[in-house]
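The number in our numbering is simply the position in the sequence shown, starting from 1, with 280 added. Using N, Cα and C, we set each Cβ at its ideal position, and we do this for glycine too.
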Amino acid sequence: MNTQMLSRFQYPFPMLKNPYAEQLQDITDNQWIDDEYLYLYKDDPDTRYKYKKTKTAHIASQWFPTASLERLRPVCRFMLWTLYNDDMYEEGTPLEIKHVHRQSIAVLKGELIAEKADIPLAPLLASLREELLQFIPDESLQRFISALDKYFKGLEQELAYKEKKAFPTVEECIAIREDSLCLFPFLELMDLETKLPLPADIYNHPVIQRLKALASRMMVYYNEVQSVRKDEATGSIYYNVVKTIQHNRNISLEEACLEDLRIHDEDLKEFIHLQRSLPDFGEWHDAVVNRIHYISMTLSGWKNISARMERYNTLEGFPSVETVKKAGH
Numbered sequence: 281m282n283t284q285m286l287s288r289f290q291y292p293f294p295m296l297k298n299p300y301a302e303q304l305q306d307i308t309d310n311q312w313i314d315d316e317y318l319y320l321y322k323d324d325p326d327t328r329y330k331y332k333k334t335k336t337a338h339i340a341s342q343w344f345p346t347a348s349l350e351r352l353r354p355v356c357r358f359m360l361w362t363l364y365n366d367d368m369y370e371e372g373t374p375l376e377i378k379h380v381h382r383q384s385i386a387v388l389k390g391e392l393i394a395e396k397a398d399i400p401l402a403p404l405l406a407s408l409r410e411e412l413l414q415f416i417p418d419e420s421l422q423r424f425i426s427a428l429d430k431y432f433k434g435l436e437q438e439l440a441y442k443e444k445k446a447f448p449t450v451e452e453c454i455a456i457r458e459d460s461l462c463l464f465p466f467l468e469l470m471d472l473e474t475k476l477p478l479p480a481d482i483y484n485h486p487v488i489q490r491l492k493a494l495a496s497r498m499m500v501y502y503n504e505v506q507s508v509r510k511d512e513a514t515g516s517i518y519y520n521v522v523k524t525i526q527h528n529r530n531i532s533l534e535e536a537c538l539e540d541l542r543i544h545d546e547d548l549k550e551f552i553h554l555q556r557s558l559p560d561f562g563e564w565h566d567a568v569v570n571r572i573h574y575i576s577m578t579l580s581g582w583k584n585i586s587a588r589m590e591r592y593n594t595l596e597g598f599p600s601v602e603t604v605k606k607a608g609h
C-alpha cells in the first residue's frame with residue numbers, strides 16, 4: 281500500500297538538484313560524521329553508516345539547487361543536525377526537550393558558547409552560526425532562529441501527547457506537525473540562495489506566510505504515509521496525522537491514508553491558486569515570485585530524494601533508539 285499510495289502525491293513543480301551534492305556529501309561523511317562529530321557515535325560505525333546513507337547533502341541539494349558550494353555548506357550542516365537532533369530526542373520527555381530547546385537557541389543567538397552548553401550538538405550549532413553570518417544579515421539569522429524555536433515547541437507538544445499516550449484532534453495534530461517537521465527553518469535559509477532577504481512588511485505578508493505553512497503541511501501529509509509503519513513500530517503514532525485520522529474517525533489505515541491524501545490535495549490546490557494570483561508586491565514582486573518558486577521545489581525535491589532512501593522506507597534505515605539516546609546524554 282505504501283509505495284502505491286505515495287505515488288499518488290503529485291506536484292506540478294520543477295525539480296532541480298545542486299551540482300555540488302556529491303562534493304558536500306563527501307564533506308558530510310568524512311569531515312563531519314567521521315571527524316568533527318565522531319564523538320557522538322565514536323564506537324558505533326554502524327550508526328555512522330546509517331547517517332551517511334541518509335544522504336543529507338543530497339536532500340539539501342534538492343532544496344537549494346542553485347546555491348554556491350560555500351552557501352550550500354551551512355544548509356548541509358543544518359540538515360545533518362536535524363537528523364541527529366530528531367533521533368536523539370524523539371524518545372525524550374517534554375522537560376528534556378525544553379532544556380535542549382533553551383540551550384540550542386542560546387548557542388545560535390551567540391549567548392552561550394559551545395563549551396559551556398551541556399548538549400552534545402552545541403559545537404555543530406556554534407559552527408552553523410559562524411557560517412551563516414558570513415552570508416546572511418543578522419535579521420535573516422533571527423528569522424531562522426525563530427523558525428527553529430517553532431520547531432522545538434512542536435516537538436515538545438508531540439512528546440507531551442506521546443508521554444500520556446493520547447491522540448490530539450486531527451486539526452491540532454496537523455498544526456503541531458507543521459511546526460515539528462522542521463521545514464520552516466530551511467525556508468528561512470533561502471536567503472542564502474536568493475541573496476535577497478525580503479523586507480519585514482513583505483516577509484510578514486499573510487499570503488507569503490500562508491504559502492510557507494501550506495508547503496510544510498503538504499510535506500507532513502506525504503511524510504506521514506511514508507513513515508506510518510515506522511511510527512507504529514516505535515510508538516510514535518500519537519502525532520502521526522494518518523494514525524490520528526484513523527483513531528479519531530475509527531476507520532481503517534488505508535482509509536486514513538486516503539483522507540490524508542485528500543487533505544493534501546486540497547492544500548496543493550490552494551498553494552497553486554495563491555502562487556498564480558499573488559498580490560502586487562511592487563518593486564519586490566519578482567523577488568517574491570522567485571521565493572515562492574524555490575518554496576515549491578522543496579516539495580518535488582523531497583518526494584524525489586526521500587522515495588529512494590532506506591531511512592524513510594524501511595525500519596532498518598533508522599539508528600536504534602538506545603544508540604541515539606546514549607548520544608543525547
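Cβ-based neighbour list, residue i, same chain, cut-off 6 Å, excluding 5 preceding and 5 following
i	result
R409	L388
A397	Q383, V387
F415	R351, L472
V601	Note that V601 scores a pLDDT of 49, beneath 50, so its modelled location is shaky; the value from the coordinates is reported in the next line. Same-chain partners within the cutoff: E371.
Bounding residues of the alpha helix (DSSP H) (the contiguous stretch that carries residue i)
i	result
I543	533-556
R357	349-369
A386	374-389
Q311	Segment: none, Q311 is in no alpha helix (DSSP H) and carries neither H nor E.
Q422	418-443
M295	Note, M295: premise wrong, no alpha helix (DSSP H); not H, not E.
Q284	282-286
E516	Note on residue identity: the sequence assigns Ser, not Glu, to residue 516. Where S516 is concerned, there is no enclosing alpha helix (DSSP H), given that its DSSP letter is neither H nor E.
R457	450-460
L412	402-415
H485	Neither: H485 is in no alpha helix (DSSP H) and is coded neither H nor E.
A337	336-343
N530	Careful: N530 lies outside any alpha helix (DSSP H) and carries neither H nor E.
K333	325-333
W582	565-586
CA-to-CA distance, residue j to residue i, given in whole angstroms
i	j	result
N528	A536	10 Å
H544	E391	40 Å
S576	I399	34 Å
L318	P477	35 Å
F466	F424	8 Å
Y364	P403	13 Å
T524	G562	43 Å
E611	I307	Shown here, the chain extends from 281 to 609; a query on residue 611 therefore has no answer.
A513	L558	43 Å
G434	Q555	27 Å
H379	Q437	14 Å
R509	Y502	13 Å
I393	S407	11 Å
R542	D315	45 Å
G597	S532	With a pLDDT of 48 at G597, under the threshold of 50, the modelled position of this residue cannot be trusted, and the question is left open.
T336	D366	14 Å
Q290	A340	20 Å
K605	F447	Because K605 sits at a pLDDT of 48, beneath the cut-off of 50, its placement in the model cannot be relied upon, and the following sentence gives the value as read from the coordinates. K605 and F447: Cα-Cα distance of roughly 24 Å.
F432	W564	32 Å
M368	D560	44 Å
A495	L538	19 Å
S420	L491	19 Å
M285	V505	8 Å
G515	L360	24 Å
K332	D309	6 Å
D429	I456	13 Å
S586	C453	22 Å
K475	N530	48 Å
7 Å CB neighbourhood of residue i in its chain, flanking five on each side removed
i	result
L439	G372, T373, P374, I377
P417	P477
I517	D511, K523
V487	L554, L558, P559
L548	M498
K445	Y518
Status (buried if at least 16 other CB within 10 Å, exposed otherwise) for residue i
i	result
A427	buried
T346	exposed
A480	exposed
V569	exposed
R497	buried
S287	exposed
N298	buried
N520	buried
D615	Coverage of the chain is limited to positions 281 through 609, which leaves residue 615 absent and any answer about it impossible.
T283	exposed
D566	exposed
T334	buried
Q526	buried
Cut-off 8 Å between Cβ atoms - residues of its own chain near residue i, not counting five sequence neighbours on either side
i	result
M470	F344, R571, Y574, I575
M499	L461, L463, T578, L579, W582
L349	Y300, Q303, L304
M295	Q342, M577, S580, G581, N584
Q311	none
Heavy atom of the ligand MG within 7 Å of residue i beta-carbon
i	result
K492	Judged by which ligands are present, the structure shown has none, so any question about the ligand MG falls away.
Cutoff 8 Å: residue i Cβ touching any chain B Cβ
i	result
E535	Here there is only one protein chain, and chain B is not present.
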